[in-house]
Structures are given as structure tokens and as C-alpha cells.
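S.K.: The structure that follows is given in the form of C-alpha cells.
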Amino acid sequence: MMHTLITEVRQKANGKGMSNLSFITLAMFGVLVAVFGVASLLVPRFFDINNVSNLIAQQADIIIGIGVTFLMISGYFDLSVGGIIAMAAVLSAYFSQAPSAASFELGSGLGIPYGLALVLTLICCVGIGAINAFFIVKMKIASVIVTLGTLAFSRGIAMIVAQGDQRNTGLPPIFKECGSFTFVGTLNLAVLIMIVLLIGALIVEKKTVFGRRMYQIGANQTAARLSGVKVDRELSLLYMLSALLGGISGIVMASKFNSGNCALGTGYEFDALVVTVLGGTSVFGGFGSVAGMVIGAFILGILSTSVNMLGFPPSLQMLVRALVIIVAILAQRFALDRRNV
Amino acid sequence: MDHKIRPQTVAEAVIERILAEISAGQLQPDQRLPPQREIARRLGVSNSSVREALQSLQTMGVVDDYVLEIRNLVKDFPGVRAVDDVSFNVRRNTVHCLVGENGAGKSTLIKILTGAYLRTSGTILLNGTEYVAYNPREARQKGIATLFQELNVVDQLTVEDNLTLGVEDVKFGFLTKSRKIRQMLEVLRSIEPSIEPKQKVGKLSVAKKQIVEIAKAAASEADIIIMDEPTAALSEGEIKRLFRIIRGLKEKNVTVIYISHRLDEIFEIGDVVTVMRDGKHIATKPVAEVKDRAELIKMMIGKAVFEQYVPREIGAEAALLEVRHLTTDKLHDISFAVRPGEIVGFYGLVGAGKTELARAIFGADRYSGEIYFKNRKLACHPAGAIEAGIALVPEERRTQGLFPILTIRDNIPVMSMAKVACGGFVDSAKEREAAEQFVKALNIVTSSIEKQMFKLSGGNQQKVVFSKCLFADTDLLILDEPTRGIDVGAKSEIYSIIRELAAQGKAIVFFSSELPEILNSCDRIFLLYDGRLKAEIQNGPHVDSEKIIHIVTGGE
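Note that the protein sequences, when read in sequence, are chains A and B. 16 is the number of the first residue of the first sequence in my numbering; add one for each residue after it. 53 is the number of the first residue of the second sequence in my numbering; add one for each residue after it.
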């Protein structure tokens, strides 16, 4: 009985029943459960319904993680999302602020109705994505370099518009609803938006031709081109999608804090990369999943919360995170290599 | 003593002393001699006089001085024996040519010598001692340098830096300009004075880059320099200069193993030629004893037995594909037409422009001229070609044809996702069905359609690439080296697929550098040489394969 069970597990592990992707996702889910268990035991007051639901609510990196994951599956990077968050936050505030609500400059904006302000904000964000696409796809410049540039560029716009500070006066009342309108318990509009986007992303990834193309381009771009895949179009759309998601994330965050702060989203491009890689996505492309990224985001979230609640200084928090990431990636590599001999 | 037999020159003195050592049993001519340097040291004379002496002794037939001895060399790949019990010797300070068709085993043999592959069995002796190299660097250290077709120079560095790359002299972490560098520059100057040491290598022509590499090899005291198709990218004048340098290398105590498809070159520069065919050693003989090209060609192709081509009836329909005055930087004014149901072959050697032509028709590369398909001008990109009804099996299966880390199921529908999708959503049942169907129809050996491509054998991978194209159900199929690197069984299966497709009325354009497969499959054959169409032949029993080889190797 026990013996057959072991053989069965071994067979599964040998790739007879499960794809590498499901294997890694399941393994990382196991890690998530373990990390959660350890944190519940070791960290006082960790296993608390409020704390756990906060954990879910705080996952801003999941929204930008979708675009970053899609691009990494295609073999490309997007580091610009952190800056886009700040730009979207500041612009959404600036566009909707009353024209002359205050005597000082930071207090007055364009007074555009909130709905239209959001559309304009998102158009600006997609514009950044289009800049990324132009330089990476048409000019063939390395994506790390280009998106590093647009990261600085978009944050620069945020800093100019917010004058290095934040815009938090003269905002319409509806401004803060998006981040704080609550249905039940901690299920607010922000979480709902995240869940809807996630479901959409999972469908795109698993069920659509567009999703299949990402894997094909990432696995072998030359072969994809010679198989009639419109590689340039697909990549451009992905960069614009990623920027759009960055914009949505920025709008939601600005709404939550009821402020357009130009420092929002600092370091989020890094977190988005980390959770993507933690979720098993290969930086060489062709392999990975949004589901894995979500698991990665929760692992990182639990770690951050735990070290925080244990009272570690921020410098140590950074180190602990770095260590966990390196161990996780090494473990994944090891597991996949053993499996694929 | 008799004055008449007293040695007149140093060389003769050396000859006498070597003969004396042989008779005393210190040297054993029937086996092998120690390296010249060692003999020179032992006798207390210069290297050059020893070389001279040995050469005379060789011509007298007293000694055999082999720099390289290959005995019973075997290299197996899964399903293929690429090198099959090969034995021959390379005499010191000669230009030893290696010829054979594509797939004859030359490259595999060279890769074993340069350390890229490990042999399955057999012995290699370099200067009389057992030789094995695990990488090109080690091969070079042991005395075998290689001039690859892909030159190994760094464009951004100067000539001087390139010469010393990897052998820099370092003192306290700083580079020092030592005697070694000056020696290397000396060698370079003696070979080609026009190359400035401070020049950036990127500014040099391909020919001069080669010379820098040759100088580096010669200066690092390589015993053997292997040259793989060194003239492929050179002009007439540059080839002449290269040959002069090669002759000069013999004086510098270097043996050259020369690989070329251009048979005329063998007669011009070669001392000895070794012919290989199907992984086997066919003959090794002095070039002077080879009568002419025809004899060489006969040895290369042998009396290959292959399935006979059966002439087929092609309908007199209008042309499906019409290529008019196609020109790129590698192709010159190519025009031809293909009718439905026809198998048209393009035969030529490596570098003749086959891949370039295949890619241009498919729209993968830019070109001037016009391509009409079904009487409509074809757009110049692969997506357009596929939409119009053209599919390509590319030259490089792994890097261009398939997605190694994706599964068979993922690979097969790539060219026409619309067939397994509905409104942009993939119907996974249809996808699986398509994969299952092709795995069965093409007899793809796998445990499951969820297996990743890189785990399949070469033949099965190629069948998946075919499935990809067949699933797209195009009217024209372009095949670029469709049977490269796959075993005999899979090859014949692929030939029968090709014939069946033609019988269904689909047109096939078949590019290959293996003549037998062109002869056994194609209705019409075009011969390519140097980017030009040299001849068009209607296939049939009268076709003269020796004449074909004559044309594609540059003969008129």
C-alpha cells in the first residue's frame, strides 16, 4: 500500500502525470503552506483573522506582477512598473483636483470629472508602455535598459507634477472610494479589482491564443517568427498591458491613501520581479504562470509581515527577503534539474 | 676515409647522425620519431636542419614522420554512427586535405580532434603520444589549433591584443609586454606585413582576420592547424594569398589539415588527400596520385545505393509559385517556377545559397525581385507567407523549427492556431486531438503528447516540425535540409511523407546538400553554386551524378 503510493508519487515526479509547470506551482504552494505554518507558530498574533485578511488586501504587487509575469514568460523584462504606479497616482490626483481649491499650487488641479481623469491617466500609462515597446521591439534595445529608463522617466513625471511631494487636497470625495469602498469584512473594491484582474489573467494565460503566443515567443522567438507568429505586435501589446496594469495599481493605491504621492510604488518593480521568479517563472522565458506569481506574492508578504511583527529592523528585513529569494530560486532549479534528467 | 662520401652540408651531417641513431636502435623509424625539437636538442643542431634531414629521409623512404595517427576511431550518436572505424595518418609538414559529402563524418572527426566531442572508441596519437582533448582550449595547448568558419577573433580589440588573448603575460595583475608578444608580432609580420599590430581587428577584412588567427596558431607552436572551409568567404586574390601563407606554414614546421568542398583547391594546395564517405575512411593518397576531379568525386559518392526515382506525371497546370529575378546579397538573379504536385529540388554545397533562397521565398529575409504565389505578389514576412499557403521546415531544427521546452501538443498547432481556437480562445480538446492525430499518422515515438520537445530524438523532433507544417495544410512546403542529423529510418519515413504530399497535389521545394536524397525524391533539380542557378535538370535514369558534382563544385 505504502509502496504503491511511493511509486505513484515518484512516477508523477518523473513527469508522467504532471507538467513541470504544475510541479513547480504545487511545490511553491507547499512552501507557502509551510511558511504560513511556521509564521503562525513563531510569530505572536500572526494567526489572526485580521492579520491574514490584511495580508490578502495588501497585495498591490500582484496586479503589476501579472504584466511582469506575462513579459517574463515571453522572455522580456519590465522594470518601469514602479514608476508608472507613481505617475498614475499623481496624475489621477492632478487631473481630478478642483482647479483652484487652494491658494498653493499643489492644491489645485485640472478639475476633470473623476471617471474621465482615470481614463486620461490610463492613456498616459499606456503611452509609457508604447515607448517601451517602440525601443524594445522596433529598435531592438535590451528590455532591462529601456524599462530602467522609462522607470526613471515616469517617476520623473510624477515628481514634476507633484513637485517632489504629494497632491492630497481638493480631491473629489469619490477619489478615495476605489481603495476603501468595503463590501464585507476586508473585501473592499481594491481587493475585488485585484481578483477580477487575476481571473482575467488566468484565462488569458491558460485559454487564449494570445496566451499561447507568449510561451511560444519566450521558448524560441526565431521559431515563433518562422511559424508566422506576429512577434512584434504581441510584445507591444504586452508592454502596453503591463503599463496599463501599473496604472490601475497606481490609481488604486492613490485612492487608498487619498493622495497622489510621487514616492508611491518605490521598489515595486523589484518586488514584482521577485514574486514572479518566486512563482517559478524562468527569466529565460517560455516557462511560468500567474498562479505561481500569486503564490510567490503571498510567500513574500508573509515573510515581510513576519519579520516586521517580530520587530526586525528594516535593514534586516531586506536581508531576510534576499536570502529567501536566493534559496527559493536555487531550490527550484535543483528540483527541475532532478526531475528532468 | 673516403672523401667522396663525407657529408657536404649540415643537413647531410644530420641525416647521417639520424641514420646512425636508427641503426643503433635509439630511434625507431618503423614506429615513430620523437618530435623534431627533441631530436634537434639531442643532436645539438638547429630545428630547421633536422626538418630538412627528416624530409630527405622521408623521400628516401627510410622514416615515416607522422604528426597525427588516427586508429579505429568510432563516434556514435543516438541512432547514427557518424565516424565508423576510421584509421589514417597525417605526415608532418604537409597539407592534408579531408574531403567528403555532407554527413560523411568530416566535421565529427574534426570536432573530436578539437575537443568538442569525445570519441566513442579508438586511438589518436599526436607526436606519438596518446591524445585526448576535452575542449578547444586544451586541444590548442596540446598542439592542435583550429581555424573555424566562425572566426574566433574579438572585433573590438587590437590585432596585438587578439594575438595574446588568453596567453597574456601578467605581472602583479598588470599586463606586461613580454618577449612572447614580440615573437608573435614577428610571426605575424613574416606572414603578412600589411597588418598593423595596433589596428582594431573589426576594421580588417575576413581574410586578414583569418591571417591573424593563423599567426596566433603558428606563433603558439601548434603542430597542426585545422582549416575548415577557409576560402568560403574569400575573394580570388585573398585565396591566392592564403595559399601562399599555407605553403609558408610548412616551412614553419606546421601541418595543415585542410577541409574544403572546392575540389580544385585540393589539387592546388594539397599534398595528401583523405576521402570519407558515410562515416567511413575510403582512401588516403598523395594528391599527385589522384588523376582528376572525376576520380575524387567517384570516391566521394561511391556507388551509393538508394531508392530509385520513379518519373511521375505532373499536370500541365499553371505555376503555383513563380520567382522572378530574386536577388539578395548572397543570391544573384534567381528565377524559376513550381507547379502544383511537383517536387523541385535545389542542390548545392554549403554556402551555395540554399538556405538564403528558402528563407527569401518564405519572406524571412529581405530581397529584391518578385515572388508570385497563386498569381499574387507575396508579402515579405513569414506570417504573410503562411496565410498565403506556404510553410517552411527550416534548416536548424532546434533553433528555428521548434520550441524545445514546450510540449508536443504545444508545438504542433503553432502555425495555424485558428484551427484549434474559437474567437481567440483555445479549444484544448481540439488541440489534443490534433496532436494525437499527428503523433499517430507520422509515427512519432513518444510516451505522451505532453512530453517536452527536447526529450525526443532528432528524427522524432523533425517529425513534429513536419506536423506543424502539415497541420497548417499549406499548398507549398519549403524544406531546408529536412533530414539533417536524423537516422536512416526516420529519413526514409520523411521521404515517403514528401512523396505522399506531392501525390495529394501539394508543391514541394526541397533544399538539400545530400545528392542521393535529391535524386531519389525530386522531379526537377536546380543546381546552385555561389548564389547562382547553374543548371536545371529533369530527373530520370539518365541523370549523371558525377556531372552534377562537377557543376556544384564550381566546374563549368
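Beta carbons: idealized from backbone N, C-alpha and C, even for Gly.
1) Check each candidate in B/Ala185, B/Asp462, B/Ala473 and name the one with the smallest Cα separation from B/Phe506.
2) Pull up the CB-CB distance for A/Leu318 and A/Val339, whole angstroms please, since I reckon it's below 8 Å.
3) Work out the CA separation of A/Phe198 and A/Ala205 for me, nearest whole Å.
4) At least one CB of chain A closer than 7 Å to the CB of B/Phe563: is that the case?
5) Answer yes or no: do B/Gly397 and B/Ile577 have a C-beta to C-beta separation smaller than 7 Å?
6) Kindly indicate which three-state DSSP category B/Lys127 falls into: helix, strand or coil?
7) To the nearest angstrom, report how far apart A/Gly30 and B/Val205 are at their CA atoms.
8) Using a C-beta to C-beta distance shorter than 7 Å, which residues of chain A count as neighbours of B/Lys558?
9) Using Cβ-Cβ distances below 7 Å, what residues of the stretch 203-230 of chain A are close to chain B?
10) Quick one: grab the DSSP three-state call for A/Tyr129.
11) What does a CB cutoff of less than 6 Å around A/Ile310 pick up in its chain, not counting 5 residues either side in sequence?
12) Between B/Ala542 and chain A, is any beta-carbon pair separated by less than 7 Å?
13) Could you work out which residue in B/Pro593, B/Tyr419, B/His602 is closest to B/Lys586 when comparing CA atoms only?
14) Taking Cβ positions, are B/Ile318 and B/Cys149 nearer each other than 7 Å?
15) What does A/Gly301 touch in chain B if you count any residue whose Cβ is under 9 Å from its own?
16) Fully enclosed by the stretch 418-469 of chain B, which beta strand (DSSP E) runs are 3 residues long or longer?
17) What does A/Thr291 reach in chain B if we use C-beta pairs closer than 8 Å?
18) Using CA atoms only, rank isn't needed, just tell me which of B/Asn427, B/Val517, B/Val402 is closest to B/Gly6.
19) Take A/Ile146 as the anchor and find which of A/Asp93, A/Ile175, A/Leu131 has the nearest alpha-carbon.
20) Quick one, are the C-beta atoms of B/Lys261 and B/Leu203 less than 7 Å apart?
21) Please check if any C-beta of chain B sits within less than 7 Å of the C-beta of A/Lys245.
22) Assuming A/Ala103 and A/Gly282 make a contact with CB atoms under 8 Å, what is their CB distance in whole Å?
23) Would you give the residue range spanned by the beta strand (DSSP E) that A/Phe110 belongs to?
24) Does any residue of chain A bring its CB to less than 7 Å from the CB of B/Ile501?
25) Let me see if you follow: with CB-CB separation under 7 Å, is A/Leu318 close to chain B or not?
26) To the nearest angstrom, report how far apart B/Arg58 and B/Arg171 are at their CA atoms.
27) Could you give the DSSP three-state label for B/Gln235: helix, strand or coil?
28) Among the candidates A/Ser297, A/Gly275, A/Ile210, A/Val161, whose CA atom is the shortest distance from the CA of A/Ile79?
29) Which ranges does the beta strand (DSSP E) cover as unbroken runs of at least 3 residues, wholly within the stretch 170-255 of chain A, from first to last along the chain?
30) Does DSSP classify B/Gln83 as helix, strand or coil?
31) Would you say B/Ala486 faces chain A, with C-beta separation under 7 Å as the test?
32) Pick helix, strand or coil for B/Cys521, following the three-state DSSP scheme.
33) For the stretch 231-263 of chain A, enumerate the residues whose C-beta is nearer than 8 Å to any C-beta of chain B, in chain order.
34) When you compare only the Cα positions, how much space is there between B/His377 and B/Val362?
35) Are B/Ile464 and B/Ala437 touching if we call contact CB-CB under 7 Å?
36) I'd like to know whether the C-beta of B/Phe490 is nearer than 7 Å to at least one C-beta of chain A.
M.R.: Working from what's here:
1) If you number the second sequence from 1, residue 506 of chain B lands on position 454. Closest by C-alpha distance to B/Phe506, out of B/Ala185, B/Asp462, B/Ala473, is B/Asp462.
2) Translated into the one-based positions of the first sequence, residue 318 of chain A becomes position 303. Translated into the one-based positions of the first sequence, residue 339 of chain A becomes position 324. Taking 8 Å as the upper bound for CB-CB distance, A/Leu318 and A/Val339 are in contact here, some 6 Å apart.
3) Along the first sequence, one-based indexing puts residue 205 of chain A at 190. Along the first sequence, one-based indexing puts residue 198 of chain A at 183. As the crow flies, the alpha-carbon of A/Ala205 is around 11 Å from that of A/Phe198.
4) Taking the second sequence and counting its residues from 1, the one referred to as residue 563 of chain B is at position 511. Proximity of B/Phe563 to chain A, defined by a Cβ-Cβ separation below 7 Å, is not satisfied.
5) Residue mapping note: residue 397 of chain B aligns to position 345 of the second sequence, counting from 1. Residue mapping note: residue 577 of chain B aligns to position 525 of the second sequence, counting from 1. Yes, the Cβ-Cβ distance between B/Gly397 and B/Ile577 is below 7 Å.
6) Against the second sequence, residue 127 of chain B aligns to sequence position 75. In the structure shown, B/Lys127 sits in a strand (DSSP, three-state: E or B).
7) Position 15 of the first sequence, counted from the start, is the residue given in the question as residue 30 of chain A. Position 153 of the second sequence, counted from the start, is the residue given in the question as residue 205 of chain B. Reliability fails at A/Gly30, whose pLDDT of 45 lies under 50, so the model's placement of it is uncertain and the value that follows must be treated cautiously. Going by C-alpha positions, A/Gly30 is about 43 Å away from B/Val205.
8) Locating residue 558 of chain B in the second sequence gives position 506, where the first residue counts as 1. For B/Lys558, no chain A residue has a C-beta closer than 7 Å to its own C-beta; the minimum C-beta separation is roughly 18 Å.
9) Under the 7 Å Cβ criterion, the stretch 203-230 of chain A contributes Lys222, Thr223, Val224, Phe225, Arg227, Tyr230.
10) Numbered from 1 along the first sequence, position 114 holds the residue referred to as residue 129 of chain A. Three-state DSSP puts A/Tyr129 in a helix.
11) Here residue 310 of chain A refers to the residue found at position 295 of the first sequence. Closer than 6 Å at the Cβ level, and outside the excluded window around A/Ile310, lie Met43, Phe44, Leu47, Gly294.
12) Here residue 542 of chain B corresponds to residue number 490 of the second sequence, with the count starting at 1. The beta-carbon of B/Ala542 is placed no less than 7 Å from the nearest beta-carbon of chain A.
13) The residue given as residue 586 of chain B occupies position 534 in the second sequence. Considering only alpha carbons, the answer is B/His602.
14) Mapped onto the second sequence, residue 318 of chain B falls at position 266. Mapped onto the second sequence, residue 149 of chain B falls at position 97. Cβ distance < 7 Å, so B/Ile318 and B/Cys149 count as in contact.
15) Residue mapping note: residue 301 of chain A aligns to position 286 of the first sequence, counting from 1. Simply Phe455, Pro456, Ile457, Leu458.
16) The qualifying runs are 420-425, 442-445.
17) Position 276 of the first sequence, counting from 1, holds the residue named residue 291 of chain A. None at all; the shortest Cβ gap to chain B is about 17 Å.
18) The question about residue 6 of chain B has no answer, for chain B in this structure spans 53 to 608.
19) Taking the first sequence and counting its residues from 1, one reaches residue 146 of chain A at position 131. Checking every option, the nearest Cα to that of A/Ile146 belongs to A/Asp93.
20) Within the second sequence, the letter at position 209 stands for residue 261 of chain B. Within the second sequence, the letter at position 151 stands for residue 203 of chain B. Their beta carbons are under 7 Å apart, which means B/Lys261 touches B/Leu203 by this criterion.
21) Position 230 of the first sequence, counted from the first residue, corresponds to residue 245 of chain A. In terms of beta-carbon proximity, A/Lys245 lines the interface with chain B, with at least one pair separated by less than 7 Å.
22) Taking the first residue of the first sequence as 1, we reach residue 103 of chain A at position 88. Taking the first residue of the first sequence as 1, we reach residue 282 of chain A at position 267. Going by Cβ atoms, the distance from A/Ala103 to A/Gly282 rounds to 16 Å, so no, they are not a contact pair.
23) Along the first sequence, one-based indexing puts residue 110 of chain A at 95. Careful: A/Phe110 lies outside any beta strand (DSSP E), inside the alpha helix (DSSP H) at 96-111.
24) For the purposes of this step, residue 501 of chain B is identified with residue 449 of the second sequence, where counting begins at 1. It does not: the Cβ of B/Ile501 has no partner Cβ on chain A nearer than 7 Å.
25) Taking the first sequence and counting its residues from 1, one reaches residue 318 of chain A at position 303. No, A/Leu318 does not count as interfacial toward chain B.
26) One-based indexing of the second sequence puts residue 58 of chain B at position 6. One-based indexing of the second sequence puts residue 171 of chain B at position 119. Low confidence applies to B/Arg58: its pLDDT is 47, below 50, so where it sits in the model is not reliable, and the reading given next is rough at best. In this structure, the straight-line span from the alpha carbon of B/Arg58 to that of B/Arg171 is close to 50 Å.
27) Taking the second sequence and counting its residues from 1, the one referred to as residue 235 of chain B is at position 183. Note: B/Gln235 maps to helix in three-state DSSP.
28) Along the first sequence, one-based indexing puts residue 79 of chain A at 64. Ranking A/Ser297, A/Gly275, A/Ile210, A/Val161 by Cα distance to A/Ile79 puts A/Ile210 first.
29) Listed in chain order, they are 197-199.
30) Along the second sequence, one-based indexing puts residue 83 of chain B at 31. Low confidence applies here, because B/Gln83 scores a pLDDT of 49, under 50, leaving its location unreliable; read the following figure in that light. Correct three-state label for B/Gln83: coil.
31) Here residue 486 of chain B refers to the residue found at position 434 when the second sequence is read from its first residue. Not one chain A Cβ lies under 7 Å of B/Ala486.
32) The residue given as residue 521 of chain B occupies position 469 in the second sequence. Helix at B/Cys521.
33) Those would be Gln231, Ala234, Asn235, Thr237, Ala238, Ala239, Arg240, Leu241, Ser242, Gly243, Val244, Lys245, in chain order.
34) Translated into the one-based positions of the second sequence, residue 377 of chain B becomes position 325. Translated into the one-based positions of the second sequence, residue 362 of chain B becomes position 310. Rounded to whole angstroms, the gap between the alpha carbons of B/His377 and B/Val362 is 31 Å.
35) Numbered from its first residue, the second sequence carries residue 464 of chain B at position 412. Numbered from its first residue, the second sequence carries residue 437 of chain B at position 385. The beta carbons of B/Ile464 and B/Ala437 sit no closer together than 7 Å.
36) What you label residue 490 of chain B is simply residue 438 of the second sequence in a count that begins at 1. Proximity of B/Phe490 to chain A, defined by a Cβ-Cβ separation below 7 Å, is not satisfied.
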